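Input: a single structure, listed below in structure tokens.
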Amino acid sequence: MKIITKKIKSKFSIHAKLLILPNIFSIKMTLSDNVPLKDFNTFGIEAKAVIFAELHAFPEIQDFLDIMRFREDPLLILGGGSNILFTKDFKGIVVKISTKGIRKISETDDHVFVQVQAGEVWDDFVNYCLSMDYGGIENLALIPGNVGSCPIQNIGAYGVEVKDTIDSVEMVNIHNLQMSELSNSECRFAYRDSIFKHELKGKVIITSVIFKLTKKHTLHHHYGSIQDELKKLGINDPGIKDIARAVTNIRQCKLPDPKVIGNAGSFFKNPSLSEINFSKLKYSYPLIPSYKQGDGTYKIPAGWLIEHCGWKGFRDGDAGVHANQALVLVNYGSANGQQIIELAKKIQQSISEKFGIGLEMEVNIY
Ligand code: EPU
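Taking numbering that gives the first Met the number 0, I'd label the letters of the sequence shown as residues 0 to 365.
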């Protein structure tokens, strides 16, 4: 871990801080109380935050953390709110990071290094890269969420994971205000996983991500549905823009648009089975799809398991399972977080009974 010498400087003397503390609302940033969170989570769940702060620039993060050092309230750092399910009001402070900025830091003959502030919308960054002809994230087009959240669950789609393009992640420690930078290997990326979901959970705010993108591209279009889509589009020799277009078309066809139907993308992770457990399952279900992993285990699409337990297209009130992709739970309008989580638990139970597999939730539950 590289410590960045710039430690956030306290703006206030201890005495001034004590004066400020009783009135957290007096500082210059968007701070409000009892705020509805419906517009800040893509599931569209009605929940409230006791205090809500939206931080638009780095100095606001500094000021905010400086004050927070003297408060005990639970803190929830929110990016695009695209991987979260609120099951109740949040009895603490919800902080939305809305810092903006994309800047090229350096380049070689083959690569370009770009630093992106955490509050940039992920798909805006994908479009920026396409317009600059920077390659590496075209398969991740149209994924909802912000750049600052992408390393946390190591977003992935169509044969690519964001870890393949992340050089390093800059963050600030919530408790000692120390800024530091984690290299790619220090982030301990794995399938939908990283150090930010474990040791660093709730301890840091990711302030920016540094990407290593290609100038000479390696395309990833081996994924069956991308090949089919490119064929449909009549493209034989695709470039990065063509891949992004194919991915966009597939996603628009299979996945619900959160602006229209509330959802948080894949609700569950695809489970991994040992070779022996996989062969037993394959014996009973010869048509089960699977992907062999480098470590000899087999990944099974959770969507297939859910569909084969009869849940695809299921609806109970406004909570449901998407009709085109069983891995996605949806809120048709006024479902609350409890109804969604109850549905998720019933699905887990039936998968366990039928296939003997424990499905793990991918979405963060609060
Ligand atoms: N399948 C079914 N029924 C379904 C859904 C899937 O049978 O309802 C089976 C089919 O055999 C299909 C296979 O599952 O061919 C794979 O489906 P898909 O290509 O949609 O991929 P996935 O494994 O279900 C993962 C990611 C998605 C990502 C896609 C495409 C996870 C948890 N999900 O889904 O990510 O878009 O691959 O690469 O790994 C997300 O995280 O929000 C997300 C949408």
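By construction, the Cβ of each residue, glycine as well, lies at the ideal position given by its N, Cα and C atoms.
As the structure is a prediction and not an experimental result, all values here were calculated from the model.
(message) Taking 9 Å as the threshold (C-beta atoms), are glycine 80 and asparagine 40 in contact?
(response) yes
(message) Distance check for valine 146 and valine 208, CA to CA, integer angstroms please.
(response) 7 Å
(message) Using a Cβ-Cβ cutoff of less than 8 Å, which residues in the same chain neighbour proline 288 once the five nearest sequence positions on both sides are dropped?
(response) Ile299, Pro300, Trp303
(message) Are there any heavy atoms of ligand 1 lying less than 8 Å away from the beta-carbon of tryptophan 303, as far as the coordinates show?
(response) yes
(message) Nearer than 8 Å: is that true of the beta carbon of tyrosine 133 relative to any heavy atom of ligand 1?
(response) Taking non-hydrogen atoms of ligand 1 into account, the C-beta of tyrosine 133 is found less than 8 Å away from none of them.
(message) Is it buried or exposed, alanine 140, if we count other Cβ atoms within 10 angstroms and call 16 or more buried?
(response) Buried, because 16 or more other Cβ atoms sit within 10 Å of the Cβ of alanine 140.
(message) I'd like to confirm the pairing. Which residues does DSSP put opposite threonine 247 in its beta bridges?
(response) According to DSSP, which records beta bridges pairwise, threonine 247 is partnered with nothing at all.
(request) With hydrogens ignored, establish whether the beta-carbon of serine 271 is closer than 8 Å to any heavy atom of ligand 1. (result) When distances are taken from the beta-carbon of serine 271 to the heavy atoms of ligand 1, even the shortest one reaches 8 Å or more.
(request) Name, in chain order, the residues that DSSP records as bridge partners for valine 94. (result) Ala52, Ile76
(message) In the DSSP assignment, the beta strand (DSSP E) including methionine 170 goes from what residue to what residue?
(response) 165 to 172
(message) So the candidates are Glu306, His307, Ser271, Val49; which of them puts its Cα closest to the Cα of glutamine 292?
(response) Ser271
(request) Just tell me which of Leu232, Asp236, Leu254 has its CA closest to the CA of alanine 245. (result) Comparing Cα positions, the closest option is Leu232.
(request) Starting from the N-terminal side, write out each stretch of the beta strand (DSSP E) that is 3 residues or longer and does not extend beyond the stretch 222 to 304. (result) 261 to 265
(request) State the DSSP-derived secondary structure class of alanine 343, mapped to helix, strand or coil. (result) Taken through DSSP and simplified to helix, strand or coil, alanine 343 comes out as helix.
(message) Going by DSSP, what residue range makes up the alpha helix (DSSP H) through methionine 67?
(response) 57 to 67
(request) Please indicate yes or no: does the CB of leucine 326 lie closer than 8 Å to some heavy atom of ligand 1? (result) yes
(request) Count the other C-beta atoms from every protein chain shown that fall within 10 angstroms of the C-beta of lysine 279, then say buried if there are 16 or more, exposed otherwise. (result) exposed
(request) Can you tell me which of the three DSSP states valine 362 falls into? (result) coil
(request) Report buried or exposed for threonine 107, applying the criterion of at least 16 other Cβ atoms within 10 angstroms of its Cβ. (result) Classification of threonine 107: exposed, given that the 10 Å Cβ count is below 16.
(request) Out of Tyr365, Gln61, Glu361, state which residue places its alpha-carbon closest to the alpha-carbon of threonine 206. (result) Gln61
(request) May I have the straight-line CA-CA distance separating histidine 220 from valine 168, to the nearest angstrom? (result) 27 Å
(message) What does the Cβ neighbour count give for serine 265, buried or exposed, with the cut at 16 atoms within 10 Å?
(response) buried
(message) In whole angstroms, give me the CA-to-CA distance for leucine 181 and lysine 1.
(response) 6 Å
(message) Is the beta carbon of valine 171 closer than 9 Å to that of leucine 64?
(response) yes
(request) Sort out for me which residues DSSP pairs histidine 110 with in a bridge. (result) According to DSSP, residue pairing for histidine 110 in a beta bridge involves Thr213.
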